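Novice: Numbering (the working numbering), first residue to last: 316 to 450.
Yeah, the Cβ is synthetic: ideal placement off N, Cα and C, and Gly gets one too.
Note that the structure is a prediction, hence the values are computed from the model and not measured.
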Amino acid sequence: MEILNYNCIGCLNRCRVEVQAEARELISIAGIRCKRGIELARRRLITPPAPFALPLRIVNGAASHIEARTSEPVPPDVARALTIAVRKLSFSAPIQAGAVLVQNVGGMGVDLIAVADAASVEPSASGVLAPSSPA
Ligand code: SF4
């Protein structure tokens, strides 16, 4: 018997769901408030979670983006929702590898973590912009 606990992302209610499954077949589900939650649970069982990474925009950085990974594997529907949830966000350099950039993105129960350092760009004495490493 497999037991999954997660926040349904079918709408902003973000119901806390518990699913019991056997051989990826839904046996029981608790915590949902609508039938859509059942369909999403079935999809989640068919396409299991996988590691996911995406680029996030940074400002004042030597590079324009930093790669972030999810704190845990996510199913494809959560990966799509994460991509949409963060597309208007930007982060200020410097950033250290391992820093939590966003906690519990959109109530989905997943954090986004910086994969690498992102140096900031600071003006040098000559006025030329130069990269500086995270503290
Ligand atoms: S179970 Fe229904 S109400 Fe709850 S988050 Fe999912 S879609 Fe929304």
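If you run the structure through DSSP and keep just helix, strand and coil, what is L416?
Specialist: Note: L416 maps to strand in three-state DSSP.
Novice: Taking the straight line between their C-alpha atoms, what separation do you get for L360 and G376?
Specialist: For L360 and G376, the distance between alpha carbons rounds to 40 Å.
Novice: Could you spell out the range, first to last residue, of the alpha helix (DSSP H) harbouring V401?
Specialist: Element bounds for V401: 391-401.
Novice: Compute the distance between the beta-carbons of E337 and G346, then report whether it is under 9 Å.
Specialist: Against a cut-off of 9 Å, the Cβ pair of G346 and E337 comes out as no contact.
Novice: From I324, P390, P409, pick the residue whose C-alpha is nearest to that of S435; which is it?
Specialist: Comparing Cα positions, the closest option is P409.
Novice: Write down the C-beta distance between V417 and E387 rounded to the nearest angstrom, noting that I regard them as a contact closer than 8 Å.
Specialist: So it is not a contact: roughly 14 Å between Cβ atoms.
Novice: Measure how close the beta-carbons of Q335 and I318 come, nearest whole angstrom, since I'm counting them as under 8 Å.
Specialist: The Cβ separation is near 6 Å, so the contact holds.
Novice: If I measure Cβ to Cβ from A396 and keep anything under 6 Å in the same chain, skipping five residues before and after, which residues do I get?
Specialist: Contacts found: I324.
Novice: Compare the beta carbon distance of V401 and L371 with 9 Å and say whether it is the shorter of the two.
Specialist: Yes, they are a contact pair.
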